[in-house]
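Asks: The structure that follows is given in the form of structure tokens.
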Amino acid sequence: MSLPRTTDRETWLQERRALLEQEKELTRARDELNRRRRELPMVEVTEGYRFTGPDGEVTLRELFGPYRQLVVSHFMFDPDWTDGCPSCSAGAQEWSPGIREHLHTRDTEHVYVSRAPYERIADYRDRMGWTFPWYSSYGTDFNADFGVTVDTSGALMTYNFREDPTWEGASGLQELPGTSCFLAVDGRVFHTYSMYARGAEWFGGSYAYLDLTALGRQEDWEEPKGRVEAVRAGVPVFD
31 MSLPRTTDRE TWLQERRALL EQEKELTRAR DELNRRRREL PMVEVTEGYR FTGPDGEVTL
91 RELFGPYRQL VVSHFMFDPD WTDGCPSCSA GAQEWSPGIR EHLHTRDTEH VYVSRAPYER
151 IADYRDRMGW TFPWYSSYGT DFNADFGVTV DTSGALMTYN FREDPTWEGA SGLQELPGTS
211 CFLAVDGRVF HTYSMYARGA EWFGGSYAYL DLTALGRQED WEEPKGRVEA VRAGVPVFD
């Protein structure tokens, strides 16, 4: 098993302090990125999207509730599925009421939206024991318009604002993950931001913890190589 090398405490402190400088650079770079994100222009949403929830049909503006901002997590759930996406489910499992309460103190609501009919969403949510607000966009263009239901039958599909050739040979509609943000101003709704793919991993609380550990997320793409296979195989750290 490929473990970190062993050293004395003083050497570890020297290398840790050097790494801290890089961490500080990343923090400053993230702050700058967030500033640029907040300065993006916004686009008014004029389409009359309708969503189905526990109390019937609602508009996009009504998803905000009494709050000024709305964050929509696009949960992958095809209309033909009986269960939601396992990866989206793992992320949703980490969602806590406390996060939503904190968002409310900052004038922000958070909801999940999927393309499956509401009856399937409600059944799955109840089986999972979740209580967060989750709406169906079934029968609308909401998912397609915000880039999370894509048609793979063309020569190139567009996902994450880029043409993606990796779906060559596929056909039909494909559900993909993403997050979109909206702002309400004087009764009007504006789209301010969307992110997709690995951008959404910020919401997975377990990843933040695992990134601090020696074994990391235990994904195949991670460096250094040689640790993931041993962990999955249950190989002892020390014989």
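Take any residue in the sequence shown, note its place counting from 1, add 30, and you have its number in my numbering. Ideal Cβ positions, reconstructed from N, Cα and C, are used throughout, including at glycine.
Please specify which runs of the beta strand (DSSP E), each continuous and at least 3 residues long, are wholly inside the segment 84 to 125, giving them in chain order.
Replies: As far as the segment 84 to 125 is concerned, its whole beta strand (DSSP E) runs of at least 3 residues are 86 to 89, 99 to 104.
Asks: May I have the straight-line CA-CA distance separating residue 249 from residue 73, to the nearest angstrom?
Replies: If you number the sequence shown from 1, residue 249 lands on position 219. If you number the sequence shown from 1, residue 73 lands on position 43. If I take the Cα positions, the gap works out to 37 Å.
Asks: Taking Cβ positions, are residue 70 and residue 226 nearer each other than 8 Å?
Replies: In the sequence shown, residue 70 corresponds to position 40, counting from 1. In the sequence shown, residue 226 corresponds to position 196, counting from 1. Going by C-beta atoms, residue 70 is not nearer than 8 Å to residue 226.
Asks: Would you kindly check if the distance between the Cβ of residue 191 and the Cβ of residue 139 is under 8 Å?
Replies: The sequence position of residue 139 within the sequence shown is 109, counting from 1. The sequence position of residue 191 within the sequence shown is 161, counting from 1. No, the Cβ-Cβ distance between residue 139 and residue 191 is not below 8 Å.
Asks: Just to check my reading of the structure: residue 102 and residue 141 have Cβ atoms closer than 8 Å, yes? What is that Cβ distance to the nearest angstrom?
Replies: One-based indexing of the sequence shown puts residue 102 at position 72. One-based indexing of the sequence shown puts residue 141 at position 111. Sure, about 6 Å apart at Cβ, within 8 Å.
Asks: Just verifying my parser: in three-state terms, what is the DSSP assignment at residue 171?
Replies: For the purposes of this step, residue 171 is taken as the residue at position 141 of the sequence shown. Note: residue 171 maps to coil in three-state DSSP.
Asks: Verify whether the separation of the beta carbon atoms of residue 150 and residue 112 is less than 8 Å.
Replies: Residue numbering aside, residue 150 sits at position 120 when the sequence shown is read from its first letter. Residue numbering aside, residue 112 sits at position 82 when the sequence shown is read from its first letter. Yes, these two residues count as a Cβ contact at 8 Å.
Asks: Excluding the five sequence neighbours on either side, which residues of its own chain have a C-beta within less than 7 Å of the C-beta of residue 235, listed in chain order?
Replies: For this step, residue 235 is matched to residue 205 along the sequence shown. Once the five neighbours on either side are set aside, the close Cβ partners of residue 235 are 124.
Asks: Measure the alpha-carbon distance for residue 119 versus residue 228 and round it to whole angstroms.
Replies: Here residue 119 corresponds to residue number 89 of the sequence shown, with the count starting at 1. Here residue 228 corresponds to residue number 198 of the sequence shown, with the count starting at 1. If I take the Cα positions, the gap works out to 16 Å.
Asks: For residue 56 and residue 233, I'd like the C-alpha separation in whole angstroms.
Replies: The residue you call residue 56 lines up with position 26 of the sequence shown. The residue you call residue 233 lines up with position 203 of the sequence shown. Taking the straight line joining both Cα atoms gives about 18 Å.
Asks: According to DSSP, residue 214 sits in a beta bridge with which residue or residues?
Replies: Locating residue 214 in the sequence shown gives position 184, where the first residue counts as 1. Answer is 219.
Asks: Thinking C-alpha only, which one of 136, 203, 121 is nearest residue 108?
Replies: Working through the sequence shown from its first residue, we reach residue 108 at position 78. Residue 108 has its Cα closest to that of 203, out of 136, 203, 121.
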